[in-house]
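Protein chains in written order, with this note's numbering: chain A, 1290 to 1612; chain B, 7 to 329.
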């Protein structure tokens, strides 16, 4: 059994709406991240996946707050760390790359200086020369062909794929225990995406970096993730090994997501869609938030959120159909 | 959308269209450069045909869409339903061609109700009495799967998918022969996007219209369209029936694209090397020369589009010396 690096326990996040009322955006979720794995979080807009990782990083917006729960990371509970401790952790033990690298990179500072910044902050024992050397080495490792020139360039001079490689370098340079990737390839061309996904796998295999990978794209999840959790409207509905989930989806939402993707043999036929739409935080909800769209709703679904059911080793589902 | 060859005149004829923009550079050393975006593009779309235009960023697919809509200048000839932009008034032109873009929210006036937005094309062309216009709006709302009460709502009250339905409805109000859909589902959740795909198919059965479906997603394009053109750096590199291009891809770039798409159903680890090989670019060569796994000295010139289909089969054009 692999060691647990991160333990999210009964995390509930509240969001303050425009009219002052408070609703739950993430509702009592629990999961573990195991050392060395790539864990995927899949869900559509409003499921809470981005809010969850933002809370992990301590980067929530003003209208989001933790109502309950813990995020245990080593000796720390990330929900309750002091700002000083948070500054020691971010960029160092825990780092993040986003969908849009242009907004993460400072447009006025050269690449070399930016990629070296985490080292300057967290490794006071290193000289400037050593830092520059490590930046050059890492830029080469992430597949940049002319690292010396890139170090002297500005972000706007790089393509989207190159910027994302730079981001990965910057997020990896302190060898974090966990790297969070929030939709890192969604804005990239499919051929560039393929390169960046390969790079992330290499970072995982060669540096041993554990990765938490957020995406809405099941194809991408299949390509990189060992395990995946499926979220819907603030809840985790299913969790397991990627191949298990994709081959034997248990939850109706997971099945619906898979059926929404056109495959080769579906040309000429209607796609089986999930009717309706994802509820917003302001919409009233049943205890199981998927009940209105499920098609197999039972009385129990309107009374309680389902218990966790273990279907096989490492495959769990939250659905009353398995009671 | 049946499989018989559409009879009658072409709804869209694009003939030898090129497009340039001035790229003067920034800073002290300004050079007067003209960059060519579209390189001598030609294609036709028949009646009641769905035509997919695929390519990655920078290939010119959106530029071509904008040229067809008469939104940007170009060299060459474009006729829609027999009418040439510039030879007829814009008003007349827009009775035959409409567009649906990627971001429905920015396409609608936030201060107008849905009903007013959808009525506007009718009012602009002086079609129908106010009662008839209201009735037409209600009928169209039903066609796009929205309740008639939505006519009184504002865009901000609708979800992304609902807004896109409104934009599709607004585009159909004048019963144009051609709709340009530019990344129409790319910004939507997967489950919502599949609803929109079904909507296009349903409307297509009820009405006679052609669509130029521009997308970077080859799977979706294969699913929805009758014919596909693949663009790379401003020119069409492959064009044929959806079946031919997707299941028997000939151009090395098309093959690269197909190999790069992550497949949620694939069992293997998928870490196959991408079908590309890099070499220093050569001026005046085939646009794909610098990445092509098969390039030879022959490829230092720009190839013509040649028909590689067997006799009696539908045209399958490929721009490549290798075949």
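Built from N, CA and C at the ideal position, the CB exists for glycine as well.
Item                                                                                                                                                                                                          : Value
Please state whether DSSP places residue 1304 of chain A in a helix, a strand or coil.                                                                                                                        : strand
I'd like to know whether the C-beta atoms of residue 1345 of chain A and residue 1330 of chain A end up nearer to each other than 8 Å.                                                                        : no
Taking residue 220 of chain B as the reference, which of B:67, B:25, B:314, B:242 has the closest Cα?                                                                                                         : B:67
Using a Cβ cut-off of 8 Å (strictly closer), state whether residue 186 of chain B contacts chain A.                                                                                                           : no
Please tell me whether residue 3 of chain B has its Cβ less than 8 Å away from any Cβ of chain A.                                                                                                             : The structure shown does not extend to residue 3 of chain B, since chain B spans only 7 to 329, so no value can be given for it.
Is the beta carbon of residue 1555 of chain A less than 8 Å from the beta carbon of residue 1583 of chain A?                                                                                                  : no
For residue 1527 of chain A, decide whether its Cβ has a neighbour in chain B, counting only Cβ atoms nearer than 8 Å.                                                                                        : no
Using a C-beta to C-beta distance shorter than 8 Å, which residues of chain A count as neighbours of residue 267 of chain B?                                                                                  : 1479, 1508
Grouping DSSP H, G and I as helix and E and B as strand, with all else coil, what is residue 260 of chain B?                                                                                                  : helix
Pull up the distance between the alpha-carbon of residue 143 of chain B and that of residue 1380 of chain A, whole angstroms please.                                                                          : 54 Å
Tell me, to the nearest whole angstrom, how far the beta carbon of residue 255 of chain B is from that of residue 273 of chain B; I am working on the premise that it is less than 8 Å.                       : Their Cβ separation, rounded to whole angstroms, is 22 Å, which puts residue 255 of chain B and residue 273 of chain B out of contact at 8 Å.
Quick one: which chain B residues come within Cβ less than 8 Å of residue 1396 of chain A?                                                                                                                    : Correct list: empty, because the minimum Cβ distance to chain B is about 13 Å.
Between residue 1481 of chain A and the rest of its own chain, which residues show a CB-CB distance below 7 Å, the 5 nearest in sequence each way excluded?                                                   : 1449, 1450
Would you call the CB atoms of residue 260 of chain B and residue 236 of chain B closer than 8 Å?                                                                                                             : yes
Under 8 Å between beta-carbons, which chain A residues line up against residue 262 of chain B? List them in chain order, please.                                                                              : 1480
For chain A, find out if any of its Cβ atoms is closer than 8 Å to the Cβ of residue 13 of chain B; answer yes or no.                                                                                         : For residue 13 of chain B, the predicted structure reports a pLDDT of 44, less than 50, and the residue's modelled location is therefore unreliable. The matter cannot be settled from this model.
The stretch 233-245 of chain B: which residues have C-beta closer than 8 Å to a C-beta of chain A, in chain order?                                                                                            : none
In chain A, which residues lie with their C-beta within 9 Å of the C-beta of residue 211 of chain B?                                                                                                          : Here the premise fails: no neighbours, minimum Cβ distance about 10 Å.
Helix, strand or coil for residue 1586 of chain A per DSSP?                                                                                                                                                   : coil
If we cut at 8 Å on Cβ distances, does residue 122 of chain B have a partner in chain A?                                                                                                                      : no
Between which two residues does the alpha helix (DSSP H) holding residue 187 of chain B run?                                                                                                                  : No alpha helix (DSSP H) holds residue 187 of chain B; the beta strand (DSSP E) holding it covers 184-188.
Output needed for residue 1498 of chain A: all residues of its chain with C-beta closer than 6 Å, excluding positions within five of it in sequence on either side, in chain order.                           : 1468, 1492
Among A:1394, A:1569, A:1462, which one has its Cα closest to the Cα of residue 1411 of chain A?                                                                                                              : A:1462
Please go through the same chain and pick out, in chain order, the residues whose beta-carbon is closer than 7 Å to the beta-carbon of residue 155 of chain B, but skip the five residues on each side of it. : none
Using the Cα positions of residue 239 of chain B and residue 139 of chain B, report the straight-line distance between them to the nearest angstrom.                                                          : 44 Å
Taking residue 114 of chain B as part of the beta strand (DSSP E), name the residues at either end of that continuous run.                                                                                    : Unbroken run through residue 114 of chain B: none, as it is neither H nor E.
State the DSSP-derived secondary structure class of residue 1299 of chain A, mapped to helix, strand or coil.                                                                                                 : strand
Kindly list the residues whose CB is nearer than 7 Å to the CB of residue 1476 of chain A, restricted to its own chain and excluding five residues on each side of it in sequence; keep chain order.          : 1388, 1389, 1449
Can you tell me whether residue 1608 of chain A is buried or exposed? The criterion is at least 16 other CB atoms within 10 Å of its CB, across all chains shown.                                             : buried
Alpha carbon to alpha carbon, how far is residue 1437 of chain A from residue 1324 of chain A?                                                                                                                : 34 Å
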